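Visitor:
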Amino acid sequence: MSGRGSARGRLGAGPGRAERGSGGSGAAPSALRTMAAAGAGGRVARLEELSAKPLGAAEPLSLGSLNGKVLLVRDYQQLNELQQRFGPRGLQVLGFPCNQFGHQENCTNEEILPMLEHVRPGNGFKPNFMMFEKCDVNGKDAHPLFTFLKEALPFPHDDPSSLMTNPQYIIWSPVCRNDIAWNFEKFLIRPDGMPFKRYSRHFETIKIQDDIEMLLQKGGDSC
């Protein structure tokens, strides 16, 4: 999904799906309200001011409504496992399909859920996390959420030199050094709304569980 991509704590970003979890009890931190990041083209956005439209929804969802949760932005099956395991404690996974990487999401919004169930990954798969409408994650039409995340976390922590290996697959413009390189990058966001860590497409999603556990235990405390 990076390609289908991410958003907060929500694992996610690579384009893909996002997950977020809340850290324990207590009032939601106020840091989210004061956090700002400059995006491409001079755009500036606080996370709470961003929104995205869930699949099948009539109206966009304010991402500020997820304040106090750990978010993970990323893609599919292992996201279900993480959502099931950590969701009751405050994790919310968010999935963002994207078609900028080898046209791997070459279907309409209406076709996404049936495609997941019957084709890829198939075998009756149904996401138990929030899925959003398709969006761009790179280039001039990138969703503001991914612009925000890429500005805060320019490179995957496990592969800081990560770049798309074949330039012929770059179909967006302008191209930036902090662009998402391919599907299945992930972004994790702290309960206070601060982007915490970015993971490359090579980093297995399920292995993010240690970072999720740490953020849930710390709650709103800075890490």
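Per the UniProt record's numbering: the sequence shown = residues 1 to 223. We treat Cβ as the ideally placed atom computed from N, Cα and C, and that holds for glycine. These numbers come from a predicted model, not from an experiment.
1. So which of 109, 123, 167, 94 has the shortest CA-CA distance to residue 185?
2. Is the region 144-154 touching the region 164-179 in the sense that three or more CB pairs, one from each, lie closer than 8 Å?
3. Unbroken alpha helix (DSSP H) runs of length 4 or more, entirely within the region 63-120: which are they?
4. Which stretch, first to last residue, makes up the beta strand (DSSP E) that contains residue 146?
5. What three-state label does DSSP hand residue 170 in the structure shown?
6. Kindly identify the DSSP beta-bridge partner or partners of residue 130.
7. Please return the same chain residues whose Cβ sits closer than 8 Å to the Cβ of residue 82, not counting the five positions on each side in sequence.
8. I need the DSSP call for residue 140, collapsed to helix, strand or coil.
9. For residue 135 versus residue 96, is the C-beta distance shorter than 9 Å?
10. Along the alpha helix (DSSP H) that carries residue 208, what are the first and last residues, could you check?
11. Mapping the DSSP letters down to three states, classify residue 53 as helix, strand or coil.
12. Assuming residue 182 and residue 201 form a contact by the criterion Cβ under 8 Å, report the distance between their Cβ atoms to the nearest whole angstrom.
13. From residue 131 to residue 46, what distance separates their C-alpha atoms?
14. Under a Cβ-count criterion, where at least 16 other Cβ atoms within 10 Å of its own Cβ denotes burial, should residue 143 be classed as buried or exposed?
15. Contact defined as beta carbons within less than 8 Å: I believe residue 106 pairs with residue 99. What is the distance between those atoms, to the nearest angstrom?
16. Got a sec? Which residues, its chain only, sit under 7 Å from residue 31 by beta carbon, not counting five neighbours each side?
Guide: In short:
1. Position 185 of the sequence shown holds residue 185. Nearest option by C-alpha distance: 94.
2. yes
3. 77-86, 109-118
4. Position 146 of the sequence shown holds residue 146. Unbroken run through residue 146 is the alpha helix (DSSP H), 144-152; no beta strand (DSSP E).
5. Here residue 170 is taken as the residue at index 170 of the sequence shown, counted from 1. DSSP places residue 170 in coil when its eight states are reduced to three.
6. Position 130 of the sequence shown, counted from the start, is the residue given in the question as residue 130. Bridge partners of residue 130: 94.
7. On the sequence shown, residue 82 is found 82 positions in, with the first residue counted as 1. Counting only Cβ-Cβ distances below 8 Å, and skipping sequence neighbours, we find 11, 19, 72, 91, 93, 205, 206, 208, 209, 212.
8. As a position in the sequence shown, residue 140 is number 140, starting the count at 1. Correct three-state label for residue 140: coil.
9. Reading the sequence shown from its first residue, position 135 is the one you call residue 135. Reading the sequence shown from its first residue, position 96 is the one you call residue 96. In contact: residue 135 and residue 96 (Cβ atoms closer than 9 Å).
10. Sequence index remark: in the sequence shown, residue 208 carries index 208 (1-based). From DSSP, residue 208 is part of no alpha helix (DSSP H); its letter is neither H nor E.
11. In the sequence shown, counting from the first residue as 1, residue 53 sits at position 53. The answer is coil: DSSP assigns residue 53 none of H, G, I, E or B.
12. Against the sequence shown, residue 182 aligns to sequence position 182. Against the sequence shown, residue 201 aligns to sequence position 201. With a Cβ gap of about 5 Å, residue 182 and residue 201 count as contacting.
13. Your numbering for residue 131 matches position 131 in the sequence shown. Your numbering for residue 46 matches position 46 in the sequence shown. So the two alpha carbons sit approximately 22 Å from each other.
14. For this step, residue 143 is matched to residue 143 along the sequence shown. Under this definition residue 143 is a buried residue.
15. Translated into the one-based positions of the sequence shown, residue 106 becomes position 106. Translated into the one-based positions of the sequence shown, residue 99 becomes position 99. Right, the Cβ-Cβ distance comes to about 6 Å (below 8 Å), so this counts as a contact.
16. For this step, residue 31 is matched to residue 31 along the sequence shown. Note that residue 31 has pLDDT 31, beneath the 50 cutoff, so the model's placement of it is unreliable and the number below is only indicative. Excluding residues within five positions, the ones whose Cβ falls inside 7 Å are 192, 193, 194.
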